[in-house]
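So the structure is just underneath, and the comments pick up after that.
2 protein chains.
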Amino acid sequence: MTTTSNPSGRARGNVVTITDVAKHAGVAASTVSYVLSGKRTISATTRARVMASIRTLGFHPHAGARSLASNKANVIALALPLRPGMHLPILMQFAMAVLTGARSVEHDVLLLTADEGAAGVRRIAGSALVDGLILMDVETHDPRVPTLLELDRPSVLIGLPASADGLTCVDLDFAAAGAACVQHLAALGHQEIALLGAPQVVYDRDTGFARRTRDGVMEAARTAGLTAVARPCEPTYAAALEALRSVPHATGLIVHNEAAVDHVLTALRELDRRVPDDVSVVAICPDEIAERATPALTSVPIPASEVGRRAVELLMAKLDGVTVPNVTLLAPNLTVRSSTGPITH
Amino acid sequence: MTTTSNPSGRARGNVVTITDVAKHAGVAASTVSYVLSGKRTISATTRARVMASIRTLGFHPHAGARSLASNKANVIALALPLRPGMHLPILMQFAMAVLTGARSVEHDVLLLTADEGAAGVRRIAGSALVDGLILMDVETHDPRVPTLLELDRPSVLIGLPASADGLTCVDLDFAAAGAACVQHLAALGHQEIALLGAPQVVYDRDTGFARRTRDGVMEAARTAGLTAVARPCEPTYAAALEALRSVPHATGLIVHNEAAVDHVLTALRELDRRVPDDVSVVAICPDEIAERATPALTSVPIPASEVGRRAVELLMAKLDGVTVPNVTLLAPNLTVRSSTGPITH
DNA sequence: GCGGGTTGTCGAAGCGCTTCAACAGTACGC
DNA sequence: GCGTACTGTTGAAGCGCTTCGACAACCCGC
Numbered sequence: 001m002t003t004t005s006n007p008s009g010r011a012r013g014n015v016v017t018i019t020d021v022a023k024h025a026g027v028a029a030s031t032v033s034y035v036l037s038g039k040r041t042i043s044a045t046t047r048a049r050v051m052a053s054i055r056t057l058g059f060h061p062h063a064g065a066r067s068l069a070s071n072k073a074n075v076i077a078l079a080l081p082l083r084p085g086m087h088l089p090i091l092m093q094f095a096m097a098v099l100t101g102a103r104s105v106e107h108d109v110l111l112l113t114a115d116e117g118a119a120g121v122r123r124i125a126g127s128a129l130v131d132g133l134i135l136m137d138v139e140t141h142d143p144r145v146p147t148l149l150e151l152d153r154p155s156v157l158i159g160l161p162a163s164a165d166g167l168t169c170v171d172l173d174f175a176a177a178g179a180a181c182v183q184h185l186a187a188l189g190h191q192e193i194a195l196l197g198a199p200q201v202v203y204d205r206d207t208g209f210a211r212r213t214r215d216g217v218m219e220a221a222r223t224a225g226l227t228a229v230a231r232p233c234e235p236t237y238a239a240a241l242e243a244l245r246s247v248p249h250a251t252g253l254i255v256h257n258e259a260a261v262d263h264v265l266t267a268l269r270e271l272d273r274r275v276p277d278d279v280s281v282v283a284i285c286p287d288e289i290a291e292r293a294t295p296a297l298t299s300v301p302i303p304a305s306e307v308g309r310r311a312v313e314l315l316m317a318k319l320d321g322v323t324v325p326n327v328t329l330l331a332p333n334l335t336v337r338s339s340t341g342p343i344t345h
Numbered sequence: 001m002t003t004t005s006n007p008s009g010r011a012r013g014n015v016v017t018i019t020d021v022a023k024h025a026g027v028a029a030s031t032v033s034y035v036l037s038g039k040r041t042i043s044a045t046t047r048a049r050v051m052a053s054i055r056t057l058g059f060h061p062h063a064g065a066r067s068l069a070s071n072k073a074n075v076i077a078l079a080l081p082l083r084p085g086m087h088l089p090i091l092m093q094f095a096m097a098v099l100t101g102a103r104s105v106e107h108d109v110l111l112l113t114a115d116e117g118a119a120g121v122r123r124i125a126g127s128a129l130v131d132g133l134i135l136m137d138v139e140t141h142d143p144r145v146p147t148l149l150e151l152d153r154p155s156v157l158i159g160l161p162a163s164a165d166g167l168t169c170v171d172l173d174f175a176a177a178g179a180a181c182v183q184h185l186a187a188l189g190h191q192e193i194a195l196l197g198a199p200q201v202v203y204d205r206d207t208g209f210a211r212r213t214r215d216g217v218m219e220a221a222r223t224a225g226l227t228a229v230a231r232p233c234e235p236t237y238a239a240a241l242e243a244l245r246s247v248p249h250a251t252g253l254i255v256h257n258e259a260a261v262d263h264v265l266t267a268l269r270e271l272d273r274r275v276p277d278d279v280s281v282v283a284i285c286p287d288e289i290a291e292r293a294t295p296a297l298t299s300v301p302i303p304a305s306e307v308g309r310r311a312v313e314l315l316m317a318k319l320d321g322v323t324v325p326n327v328t329l330l331a332p333n334l335t336v337r338s339s340t341g342p343i344t345h
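Chains as they are written, first to last, in the numbering used here: chain A, 1 to 345; chain B, 1 to 345.
Rendered as structure tokens:
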């Protein structure tokens, strides 16, 4: 029996330490450390010997000890929202992108739920368990943001709060997305454009992405010499119907409301406006939704993987002391499907 | 400027240490530690003074230091599968249950992807970053299991591999679930029962849950004196149709195949067998799917939250050195909806 | 063949915490 | 008033790692 029992019942195991490796290789512990970190030049022969010992002994540096000594945990926190109504596949895409991004730079990911809120952020950051955090689905007036600012752990937000001062945010460039939709419709000859957006409350809260899309649409329409109107839209059939009735002459429709897409399509069918013959529809929504709609929708997808990847990159840059822009907006990418076509009088 | 810059660029911050707290409260550092852990009796007055200092200074114990000294990280790893075709909502339910369960016992959760596989398990366990691991969606011959066995970190599997020797597994009791379906149908007067199960390959792989359901169904049917047949079923319309045609006289149908549920219902409609007038259908599937089917299906749900909670409980028990059963099977819970009714000749 | 740079390695200090053995102080039974 | 038994607190050791300064050993130009 070589295992020494310990009070906690947790396995101390016969943990191989850096000293064991050093002895086995006939060098100092610090040399092993330098082999591992590459922070000092080590001769090829020594390195080889050390690496061999590491392998034969099965050495894994103790994360706690490392974090204590180096002040780096090599772990980042990911705050998942999981509010009801979130679109799970997209969420997972974000999360997976963050995970693989982190792993590719030797970092692990600690999961944080949103309902821990600011307290969770404070706890995690305070304990030095993580080097930095990524917050997903940040709201305009997110209660965690003030906490984030007073803490001095680097962080990256996915989404845009009311003010990006002192923060680092990544998101799709919704203004450009709106503009891209307009330009696509304009190129097809459409003159009257309507944006069916988020519910009114979202605008009232001054939520960044909804407002930015609207501004992008209006501005692009003005530039292209088109008429455009914007209508908030609740995610219900009745609301979709009403919104559509209020824009009877629009031949180009931009729908920026995942939850309302289906209702809008149903309402159009009800109103006998055929897609794309009578009216062209562009959606700003996950590819998934656009693809399984009937007809498949021309859309600007939310580039979840790209955003997740960028978030990690930005966080790593901050951890390395590099100054990064407060706001990173990703260029939209319009995919043409069957819901848009040239105008037919 | 009070912050001292450090080479890494990572914030050392003006971290409050246990010594700072001790000084502030006029006690020894060890006393503070004992106040926090409760492992020794501390007078009420001292405790109060220490707690006050902790609060005013905003002290958070350094996770790395703690893990180094105590050999406990207070972190568990959660290995998420995310194979294509996984039912995301269920997955998230599992994950959230694990998360909240862990948090309720002061543990954090580190996310591991399945595609890191055995290497990921080894890395995480070896580095002492986590105290134990929970693996979701374990396959019958999961490549991570051997690694798990040779490591000496406690772990809990959600699902059942081929052999549970030396492991701890939690899952729904699929045999009992199958039996419950049979008993429900028997009580309604059905004499001929058919199980539409997983695709053939799943049985060929000797996958635990599929086999267990089938055995449960067959055994319960025998006991109740009913005739029962089992048919594997691909998740396609054609396969569902063919399977149904092969059991023309069955009036009680048990569907244990999330992905095939809709196809089966469509096929029944096509065959002009009305539900529940001509044939009663019980599904073993997430509530979600059962509820949004037409008609709403009587079903035995997969109790994801319960399983997640139990997994954490079991892991904590193991961490405390308590011996736990190798296999924990949760009792099924049949919910009656509109897809089953008394037999009508 | 002697200063002045590199290069490769080492020993020791110290990161912030837990835990152990030790020890004052108080309480109590006799 | 003495031993015995707690109770509450302490100082020191040590967890496994990184990092700093020191220092041999070597190479070079002269």
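Where a beta carbon is used, it is the ideal one built from N, C-alpha and C, also for glycine.
_Quick check: the Cα distance between A/Ala11 and B/Lys39, rounded to an integer number of angstroms?_
Note that A/Ala11 has pLDDT 47, beneath the 50 cutoff, so the model's placement of it is unreliable and no number is given.
*Is it true that the segment 326 to 337 of chain B meets the segment 295 to 302 of chain B, where meeting means three or more beta-carbon pairs spaced less than 8 Å apart?*
Below 8 Å, enough C-beta pairs join the segment 326 to 337 of chain B and the segment 295 to 302 of chain B to call them touching: three or more.
*asked:* Any beta carbon from chain B within less than 8 Å of A/Met92's own beta carbon?
replied: Yes - at least one Cβ of chain B is within 8 Å of the one on A/Met92.
*Can you tell me where the alpha helix (DSSP H) with A/Thr168 in it begins and where it stops?*
Premise fails: A/Thr168 is in no alpha helix (DSSP H) and is neither H nor E.
*Taking the DSSP output, what are the residues bridged to A/Arg153?*
For A/Arg153, which the question treats as bridged, DSSP gives no partner whatsoever.
*asked:* Measuring alpha carbon to alpha carbon, tell me which residue in A/Gly120, A/Pro81, A/Asn257 and A/Leu226 is nearest A/His184.
replied: Out of A/Gly120, A/Pro81, A/Asn257 and A/Leu226, A/Leu226 has the C-alpha closest to the C-alpha of A/His184.
*Using the beta-carbon of each residue, which ones in chain B are nearer than 8 Å to A/Arg123?*
Those within 8 Å of A/Arg123 in chain B are His60.
*Kindly indicate which three-state DSSP category B/Glu192 falls into: helix, strand or coil?*
Residue state, collapsed to three classes: strand.
*List the residues of chain B that A/Leu82 touches, going by C-beta distances under 8 Å, in chain order.*
Against chain B, a Cβ distance below 8 Å from A/Leu82 picks out Met92 and Met96.
*Identify the residues that DSSP records as bridge partners of B/Thr113: which are they?*
DSSP, once it has assigned bridges, lists B/Leu80 as partnering B/Thr113.
*By a C-beta neighbour count over all protein chains shown, 10 Å radius and 16 as the cutoff for buried, is A/Asp108 buried or exposed?*
Buried, by the Cβ-count rule.
*Closer than 8 Å, CB to CB, is A/Leu68 near chain B or not?*
It does; some Cβ of chain B falls within 8 Å.
*Could you spell out where the beta strand (DSSP E) holding B/Thr298 opens and where it closes?*
Residue range Thr298 to Val300 is occupied by the beta strand (DSSP E) that includes B/Thr298.
*Report yes if the C-beta distance between B/Ile124 and B/Ile158 is below 8 Å; otherwise report no.*
No; because the gap between Cβ atoms is not below 8 Å, this pair is not in contact.
*Which residues in chain A sit within 8 Å of B/Ser53, going by Cβ to Cβ distance?*
Within 8 Å Cβ-Cβ: nothing; B/Ser53 doesn't reach chain A, min ~15 Å.
_Distance CB(B/Val105)-CB(B/Leu314) smaller than 8 Å_ = No, the Cβ-Cβ distance between B/Val105 and B/Leu314 is not below 8 Å.
*In whole angstroms, what is the alpha-carbon distance linking A/Asp20 and B/Leu129?*
If I take the Cα positions, the gap works out to 20 Å.
*Would you identify the three-state DSSP class for B/Met1, choosing helix, strand or coil?*
Note on B/Met1: pLDDT 31, under 50, position unreliable in the model; no value is reported.
*For A/Ala228, the first and last residue of its enclosing beta strand (DSSP E)*: Counting along the chain, the beta strand (DSSP E) containing A/Ala228 begins and ends at Thr227 to Arg231.
*Apart from the five residues on each side of it in sequence, which residues of its chain come closer than 6 Å, Cβ to Cβ, to A/Ala224?*
Same-chain partners within the cutoff: Ala186.
*Beta-carbon separation of A/Ala73 and B/Gly64 under 8 Å?*
Result yes, Cβ atoms of A/Ala73 and B/Gly64 sit closer than 8 Å.
*Of all the CB atoms in chain A, is at least one closer than 8 Å to the CB of B/Ala180?*
Look at B/Ala180: its C-beta is not under 8 Å from any C-beta on chain A.
*Could you tell me which residues DSSP puts in a beta bridge with B/Ala283?*
According to DSSP, which records beta bridges pairwise, B/Ala283 is partnered with B/Val255 and B/Ser299.
*Pairwise C-alpha distance: B/Thr140 and A/Ala48*: Going from the Cα of A/Ala48 to the Cα of B/Thr140 covers about 39 Å.
_Would B/Gly166 and B/Ile76 qualify as a contact pair, given that the criterion is a beta-carbon distance under 8 Å?_
No.
*Establish whether the CB of A/Pro342 and some CB of chain B are separated by less than 8 Å.*
It does not; no Cβ of chain B falls within 8 Å.
*asked:* I'd like the span of the alpha helix (DSSP H) that includes A/Leu315, first residue to last.
replied: Counting along the chain, the alpha helix (DSSP H) containing A/Leu315 begins and ends at Ala304 to Leu319.
_Once DSSP output is grouped into helix, strand and coil, what is the label at A/Ile134?_
Three-state result, A/Ile134: strand.
*My understanding is that A/Val264 touches A/Leu244, with C-beta atoms under 8 Å, so please give their C-beta distance in whole angstroms.*
That pair is a contact at about 7 Å.
*asked:* DSSP three-state label for A/Leu160, please.
replied: Coil.
*State the beta-bridge partners of B/Thr328 as determined by DSSP.*
According to the DSSP secondary-structure assignment, B/Thr328 is paired through a beta bridge with B/Val170.
*For A/Asn6, which three-state DSSP category applies?*
Legend: pLDDT at A/Asn6 = 38, less than 50; position of this residue unreliable, value from coordinates given subsequently. Three-state result, A/Asn6: coil.
_Closer than 8 Å to chain A by CB, B/Ser299_ = No, B/Ser299 does not count as interfacial toward chain A.
*Using the DSSP secondary-structure output, state which residues sit across from B/Thr335 in a beta bridge.*
B/Thr335 pairs with B/Ser299.
*In the DSSP assignment, find the alpha helix (DSSP H) that holds B/Gly208 and state where it starts and stops.*
Counted as a single uninterrupted DSSP element, the alpha helix (DSSP H) harbouring B/Gly208 occupies residues Gly208 to Ala224.
*With DSSP run on the structure shown, which of helix, strand or coil describes B/Val15?*
Reduced to three states, the DSSP call for B/Val15 is coil.
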